[in-house]
Amino acid sequence: MIAAVSPNSEFYHQGGNSPVQNSFERPSNMDTCIIAEPTTSRPTFEVQGKTYIEDIRGRLIPADQYEELSTPVGLVDINGRAHVQDAEGRWVDWSLVKAREQLQDEVVRKIIAFALDLSAQVSRFRRHTEGDLASIMSLLEQEYGVTLGGPGGNFMLRTFDDLMRVELKVGKFMEFGPEIHSAKALIDEYLRALTTDAIPELQTLVLGAFEVDKKGKLDRQKILDLRKYDITDDRWVRAMKAITDAERTVMVREYLHFKIRKTHKDEFRAITINLAKA
């Protein structure tokens, strides 16, 4: 596990109770250095019958939700000198590494350590949120005897003053099965039976609908749009049925949205957790 070292070349872990001296000289051009934390197990505590583990920042995390976070070891003592592995796995004397490379190494390790910690927090937050939503949905379902949620399983909770909302939205990822090839063959057969100048727009539309992108995927919406045409030819009707039969749900993903506003006149704004949109 990697720990950040303060400018005086020592750091505190276990909530700041145990100073550990850095055995290596800190580069003079750095404000912080990254060293390997001693490989000791994290402290555990019993609170009201539950086991908690203290993380590197001194916070108590339920044992069943604790995940040991680690980054590759930084400096290692070899024959009394600090060494670090290069990109090919070779051990290099740290004093021979250029200052700018040392600084880059230090900055990346520090950022990654915080990113891993933040990722674990978000993961725990999501599990807590899903558990809370599942509990209240279960209570309401027991009371009314019906399954809650809108189309696709979407669900929303709000505060009594409607200034805060939590929304659960379900996204389905669809693909076409082998029936889509039968649909294409039937449509082609139908188009060949038409006169050359009959419904040219439809011919163009069909050709465009079955084009694949760079990943070899069909445009689902373009194909589904073909069903809007009121064509009674048996081949066309069977092709549309084949399109419907070809649809497959390949993945279902749940998305949590958190919204807040100051007054009832204000628009809701999203509480951003996505780093790209923060």
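Just so it is clear: in the sequence shown, position 14 is 14 by the UniProt record's numbering, and no numbers are missing. Here a beta-carbon is modelled for each residue, glycine too, at the ideal position from N, C-alpha and C.
Check, Outcome
"Spatially closest choice to phenylalanine 173 from Gly74, Arg248, Asp213, by CA coordinates", "Arg248"
"Nearest to glutamine 221 (by Cα), restricted to the options Ala209, Asp230, Lys214, Tyr229", "Ala209"
"Residues bridged to alanine 270 (per DSSP)", "Lys259"
"6 Å CB neighbourhood of methionine 251 in its chain, flanking five on each side removed", "Phe173"
"Own chain partners of asparagine 29 with C-beta closer than 6 Å, once the 5 adjacent residues on each side are dropped", "Confidence at asparagine 29 is low in this model, with a pLDDT of 39, below 50, so its placement is unreliable and the value that follows should be read with caution. The answer, listed in chain order, is Ala99."
"DSSP three-state assignment for serine 28, whether helix, strand or coil", "With a pLDDT of 40 at serine 28, under the threshold of 50, the modelled position of that residue is not reliable, and no figure is offered here."
"Leucine 205 beta carbon less than 8 Å from that of phenylalanine 176", "no"
"Inside the stretch 51 to 129 only - alpha helix (DSSP H) runs reaching at least 4 residues", "none"
"Touch test, the stretch 127 to 137 against the stretch 234 to 242, Cβ-Cβ under 8 Å, three pairs minimum", "no"
"The stretch 161 to 171 contacting the stretch 185 to 193, beta-carbon criterion three pairs below 8 Å", "no"
"Contacting residues, own chain, Cβ-Cβ under 7 Å from lysine 241 (five flanking each side not counted)", "none"
"DSSP three-state assignment for threonine 44, whether helix, strand or coil", "strand"
"Beta-carbon spacing of arginine 126, glutamine 65 below 8 Å", "no"
"Closest residue to isoleucine 260 among Met164, Leu75, Lys214 (Cα-Cα distance)", "Met164"
"Run of the alpha helix (DSSP H) containing glutamate 189, from where it starts to where it stops", "179 to 193"
"Supposed close pair methionine 137, phenylalanine 155 - CB separation, criterion 8 Å", "7 Å"
"Through-space distance from valine 212 to glutamate 25, alpha-carbon basis", "Note that glutamate 25 has pLDDT 41, beneath the 50 cutoff, so the model's placement of it is unreliable and the number below is only indicative. Rounded to whole angstroms, glutamate 25 to valine 212 spans 59 Å at the Cα level."
"C-alpha distance - glutamate 54 paired with glutamate 46, whole-angstrom precision", "11 Å"
"C-alpha gap between leucine 103 and tyrosine 52, whole angstroms", "36 Å"
"Which listed residue (Asn274, Ile223, Phe268, Ile273) has its alpha carbon closest to that of arginine 158", "Phe268"
"Buried/exposed call for tyrosine 190, threshold 16 Cβ in 10 Å", "buried"
"Local Cβ density within 10 Å of arginine 192, reported as buried at 16 or more and exposed below that", "exposed"
"Cα-Cα separation, threonine 263 to threonine 272", "19 Å"
"Outcome for tryptophan 91 when other beta-carbon atoms lying within 10 angstroms are tallied against a minimum of 16", "exposed"
"Paired residues, beta bridge with glutamate 175 - DSSP", "Arg248"
"Simplified DSSP assignment, three categories, for residue 330", "Nothing about residue 330 can be read from this structure; the chain reaches only from 1 to 278."
"Glutamate 141 in three-state terms, based on DSSP", "helix"
"Buried or exposed by the 16-neighbour rule on C-beta atoms within 10 Å, applied to glutamate 88", "exposed"
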